[in-house]
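Notes follow the structure.
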Amino acid sequence: MENGKKREWIKNAVIVFLIVMLILTLFSNTIMNYSLPEVAAQYCYSGQITNKVRGSGVVETDDPYKVEFKESRVIESVAVREGDYVEKDAVLYYLEAGESEELKEAIKNLEDKQAAYEQKIISEAISREVTSAVNSGSIGSLESNQAKIEAAKTKVKNAQTRVDALTKQQEQYSNSSTSHISENKALKDAQDALKSWEDQNAKDQANLTAIEAEYNLAKSSDADAQEKVADATRERDMALQHYNDVSDNDLDNDGDGVGDAEGDLKKAEDALADANYEKTKTAKKVADLKPSYDGAAANAANSAQQVANYTQAVKDAQQNLDNKTYDISTQLADARTALERANKEYEELIDKLSKEYALDDMKKEIADLQVEVEKLRSTSGGDTITAPVAGTILSMKYVAGETIEKGSEVTEIQKAGKGFRLTMNVTNDQAKYITIGDEAEVTNSWWYTDVHAKVTQIRPDKTNPSNGKIVVFELEGEDLTNGQNLSLTVGSRTANYENIVPTSAIQKDDKGKFIYRIDAKSTPLGNRYIAHRVDVEILAESENETAVSGDLSGWEYIITNASKPVEDGKQVRLKE
501 MENGKKREWI KNAVIVFLIV MLILTLFSNT IMNYSLPEVA AQYCYSGQIT
551 NKVRGSGVVE TDDPYKVEFK ESRVIESVAV REGDYVEKDA VLYYLEAGES
601 EELKEAIKNL EDKQAAYEQK IISEAISREV TSAVNSGSIG SLESNQAKIE
651 AAKTKVKNAQ TRVDALTKQQ EQYSNSSTSH ISENKALKDA QDALKSWEDQ
701 NAKDQANLTA IEAEYNLAKS SDADAQEKVA DATRERDMAL QHYNDVSDND
751 LDNDGDGVGD AEGDLKKAED ALADANYEKT KTAKKVADLK PSYDGAAANA
801 ANSAQQVANY TQAVKDAQQN LDNKTYDIST QLADARTALE RANKEYEELI
851 DKLSKEYALD DMKKEIADLQ VEVEKLRSTS GGDTITAPVA GTILSMKYVA
901 GETIEKGSEV TEIQKAGKGF RLTMNVTNDQ AKYITIGDEA EVTNSWWYTD
951 VHAKVTQIRP DKTNPSNGKI VVFELEGEDL TNGQNLSLTV GSRTANYENI
1001 VPTSAIQKDD KGKFIYRIDA KSTPLGNRYI AHRVDVEILA ESENETAVSG
1051 DLSGWEYIIT NASKPVEDGK QVRLKE
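Using this note's numbering, you'd call the opening residue of the sequence shown number 501 and step up by one each time.
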């Protein structure tokens, strides 16, 4: 009996335990379900989307207005800063007073060129005729001057032809005439003798020069010796007179003064003897050289006379020969004179024209420099540099104290409402729906008024060449500034897509865009729903729908909204 009661109690205890465990399990599942993110979901489906490509980019300046200054001036102060908005003609820089370096250089170049022009006239002795023609502008055209040159060439050619013809005629006459043999021989003999005596005279003159130099040196030495004798004689006479004077006046007879005078006299007599000896030697050398000098002088005079004689003989022989052919020779001489005159006229013409053209070129350069100086004076920018257009200052290239380099850029201005662009990255599929010239809508336009964007270029994305393109937009708008971020929508094409999801299902993190797919798992306590991340690529978008590509097979259950953050692989609960 007691054993039966005991078994009944155990049975009841087990039942109670199981009921309690069931209750706890049910409550724990309920509690857990309420702690899970509550999500709303819709099926992924296929269909059509009227595509609009959306994206964003940063506003950049495109072809800003570059302000250039054509003078070289020193900056006194800078009137504006980068980022300032300026109106047209607003002062950008204040400049130090004075002429520009370009004007100073132009004036110097003009003065140098004028001086060179005058120097050329003087140094080359250019005639007044040439300078007058240049100054009056009457140097003639190129065609007329070429005609003058051709005429002068023809004249030279004709004169040369006549000389050649007469020369040939003279040669033929001389060679064929036996009467000229003796005359030609006489002329040849006289010429040979003249050449021989010219050579001999050159030797005689050289010999005379050498001997004459030695002879003149000996004569000079002899003259010096004679002068020394004269000096020594005067010294001896003075010493003798002194000795006599001392001898006559030696009253005390001590002999000291007489002895000194006697010694001086002895020295003077010795010096005179030495001078006479030297004079004897030089006189002998002069006497010895004189016959050689006289002989050399006679030989030189003789050979010189022979040269003169044979020079005359050559002239006489030539005259004798010329007399035989006077008519041809006269004609030939006249022809050669005419040829020389024609050549001279041709050279003078070329020289005259060359000088005229050279001076005319310099005259034109001077005129150009005068125009440049006047232009620089009339177009000088004064003491300020102003803005040629209204807009925003992008950069100021110079600071106070710096010198502007001629023709350099001093400022960059972004013209108001113009000259901006934006680039946006799209996929190759998205690029199919965009064409050049498409107008884009600025979706965050509440920040900006009157902003217009138009596609101007579609090019490959070098960072993603296999799957990407870059779309370039031209922007216009009064409120645009460099660095703004704009969101754009462009393109409008309808197409069929395999996987379409609500736009609200698209999420994005640092890895890219993705959606959460819900997978159902059956359990004894019912279905459990697990969220799985699926990375996707946007193919097309409308206001509420987005076509995507990714690890999808079609008709998956996609999370569109959640009460709290969803994690990949974690359980969620469906919104009822």
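We put the CB at the ideal spot given by N, CA and C, even for glycine.
Since we're looking at a predicted model, the values are computed, not measured.
Over what stretch of residues does the alpha helix (DSSP H) that includes residue 1099 continue unbroken?
Only positions 501 to 1076 of the chain appear in this structure, which leaves residue 1099 out of reach.
Euclidean distance between Cα positions of residue 993 and residue 1006:
21 Å
Host alpha helix (DSSP H) of residue 629 (start-end)
628-636
Looking at C-alpha atoms only, which residue of 853, 928, 983 is the closest neighbour of residue 967?
Check the Cα spacing between residue 967 and each of 853, 928, 983: the tightest is with 928.
Extent of the continuous beta strand (DSSP E) to which residue 1019 belongs:
1012-1023
What is the residue span of the beta strand (DSSP E) that residue 541 lies within?
538-543
Using C-beta distances below 8 Å, list every residue in its chain close to residue 869, excluding the 5 sequence neighbours before and after it, in chain order.
The answer, listed in chain order, is 606, 609, 610, 613.
Excluding the 5 residues preceding and the 5 following residue 751 in the sequence, name in chain order all residues of the same chain whose CB lies nearer than 7 Å to its CB.
At residue 751 the pLDDT is 46, less than 50, meaning the model places this residue with poor confidence; the figure from the coordinates comes in the next sentence. Close CB contacts of residue 751 within its chain, under the 7 Å cut and outside five residues either way in sequence, are absent.
Other residues of its chain near residue 646: CB distance less than 7 Å, five sequence neighbours each side excluded:
Contacts found: none.
Find out if the Cβ-Cβ distance for the pair residue 485, residue 926 is shorter than 9 Å.
Nothing can be reported for residue 485, as the shown portion of the chain is limited to 501 through 1076.
Using 8 Å for Cβ pairs, my map puts residue 1082 next to residue 539. What's the rounded Cβ distance?
Lying before the first or after the last residue shown, residue 1082 is absent from the chain, which here runs from 501 to 1076.
Contact under 9 Å by Cβ, residue 778 with residue 719
no
Hey, how far is the Cα of residue 639 from the Cα of residue 857?
Taking the straight line from one Cα to the other gives about 8 Å.
Taking residue 669 as the reference, which of 732, 829, 906 has the closest Cα?
829
Helix or strand or just coil, what does DSSP make of residue 595?
strand
Assign residue 996 to one of two classes, buried (16 or more other C-beta atoms within 10 Å of its C-beta) or exposed (fewer than that).
Classification for residue 996: exposed.
Would you kindly work out how many angstroms separate the C-alpha atoms of residue 516 and residue 1073, rounded to a whole number?
31 Å
Residue 1052 versus residue 566: straight-line alpha-carbon distance, rounded
In this model, residue 1052 and residue 566 are separated by some 54 Å (Cα to Cα).
Would residue 1001 pass as a contact of residue 1046 if the rule is Cβ separation under 9 Å?
yes
If you measure from the CB of residue 1047, is any heavy atom of the ligand NAD nearer than 8 Å?
Of the ligands one can find in the structure shown there are none, so the ligand NAD has no counterpart to examine.
If you drop the 5 nearest sequence neighbours on each side, which residues of the same chain put their C-beta closer than 7 Å to that of residue 509?
none
Could you please give the first and the last residue of the uninterrupted beta strand (DSSP E) stretch that includes residue 957?
It spans 952-960 - the beta strand (DSSP E) in which residue 957 sits, taken as one unbroken run.
Are residue 1016 and residue 1033 close, meaning C-beta to C-beta below 9 Å?
yes
From which residue to which residue does the beta strand (DSSP E) around residue 925 run?
920-927
Nearest-angstrom Cβ-Cβ length linking residue 579 and residue 595, presumed shorter than 8 Å
About 11 Å separates the two Cβ atoms, so there is no contact after all.
What are the boundary residues of the beta strand (DSSP E) that includes residue 970?
Note, residue 970: beta strand (DSSP E), 968-976.
In this structure, does DSSP put residue 898 in helix, strand or coil?
coil
Residue 731: buried (16+ other C-beta within 10 angstroms of its C-beta) or exposed?
exposed
Tell me whether residue 998 sits in a helix, a strand or coil according to DSSP, three-state version.
strand
Can you check whether the CB of residue 985 is closer than 9 Å to the CB of residue 577?
no
Helix or strand or just coil, what does DSSP make of residue 1047?
strand
By DSSP, does residue 1035 sit in helix, in strand, or in coil?
strand
Starting from residue 1057, trace the beta strand (DSSP E) in both directions and tell me its first and last residue.
Segment 1057-1062, the beta strand (DSSP E) holding residue 1057.
Are there 16 or more other CB atoms within 10 angstroms of the CB of residue 697, so buried, or fewer, so exposed?
Counting Cβ neighbours within 10 Å, residue 697 comes out buried, since at least 16 surround it.
Looking only at its chain, what residues have a beta carbon closer than 7 Å to the beta carbon of residue 886, apart from the 5 residues adjacent to it on each side?
Excluding positions up to five away in sequence, the list reads 589, 590, 591, 592.
I'd like to know whether the C-beta of residue 844 is nearer than 9 Å to at least one C-beta of chain B.
Absent from the structure is chain B; it holds one protein chain and no more.
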